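What follows is a set of notes on a single structure, which appears directly below.
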Amino acid sequence: MTEPYQPKLNWQPTWPDSVCHHTGGPVQMYSAKVAGRQAASIRKETAGQRAGIWVWSGPHAYHFNRVKCGLRDRGVEPTARLAVQRAEEYFFALMASPLRPPVPVLIDNEWDPDNNRK
């Protein structure tokens, strides 16, 4: 059996003090930020046909200049860990893309080795 995916970004509750009106528990939405900008997010659907499903999305297009690279920038998974994995895979692929123009913020980390482009 393979080791479960270990998140590489720091995931925090998006609204830690909010209560879900469907469950009465905490809102199940988490975000990962890089250089103060949202890099990815996941949330658990709590009602309707998709109740219990985790929805993931990649970075906001403006901050990280999402490219037309054929990658899905959002999707659904049955577990939070899989949703985190898909969101991080998208983020890391985006950061490594040679098609991506310079971002409007300095990221300066291992995911963006060419961030000092002019």
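In terms of the working numbering, the sequence shown opens at residue 61 and continues consecutively. Ideal placement from N, C-alpha and C gives every residue a C-beta, glycine not left out. Just so we're clear, the structure is a prediction, and the values are computed from it rather than from any experiment.
Tell me whether residue i sits in a helix, a strand or coil according to DSSP, three-state version.
i	result
Arg132	coil
Arg110	coil
Val87	coil
Asn175	Note that Asn175 scores 46 on pLDDT, short of 50, meaning its location in the model is unreliable and no value can be drawn from it.
Ala140	helix
Gln145	helix
Ala95	coil
Tyr122	Below a pLDDT of 50, predicted positions are generally treated as unreliable, and Tyr122, at 45, falls in that range; the measurement from the model is reported next regardless. Correct three-state label for Tyr122: helix.
Is it the case that the Cβ atoms of residue i and residue j are separated by a distance below 7 Å?
i	j	result
Trp71	Ala92	yes
Ser101	Ser78	no
Trp114	Ala140	yes
His82	Ala107	yes
Cα separation between residue i and residue j?
i	j	result
Gly217	Ala143	Given that the chain is displayed from residue 61 to residue 178, the structure contains no residue 217 and the question cannot be resolved.
Glu137	Tyr90	14 Å
Met155	Arg110	30 Å
Gly112	Lys104	6 Å
Asp133	Glu149	10 Å
Gln145	Lys68	9 Å
Thr62	Gln88	27 Å
Pro119	Cys80	24 Å
Arg97	Gln66	21 Å
Would residue i count as contacting chain D if we go by Cβ distances under 7 Å?
i	result
Gln145	The displayed structure is made up of one protein chain only, and chain D is not part of it.
Got a sec? Which residues, its chain only, sit under 6 Å from residue i by beta carbon, not counting five neighbours each side?
i	result
Gly85	none
Going by beta carbon distance, what residues of the same chain come within less than 7 Å of residue i, once the five residues before and after it are set aside?
i	result
Pro64	Arg141
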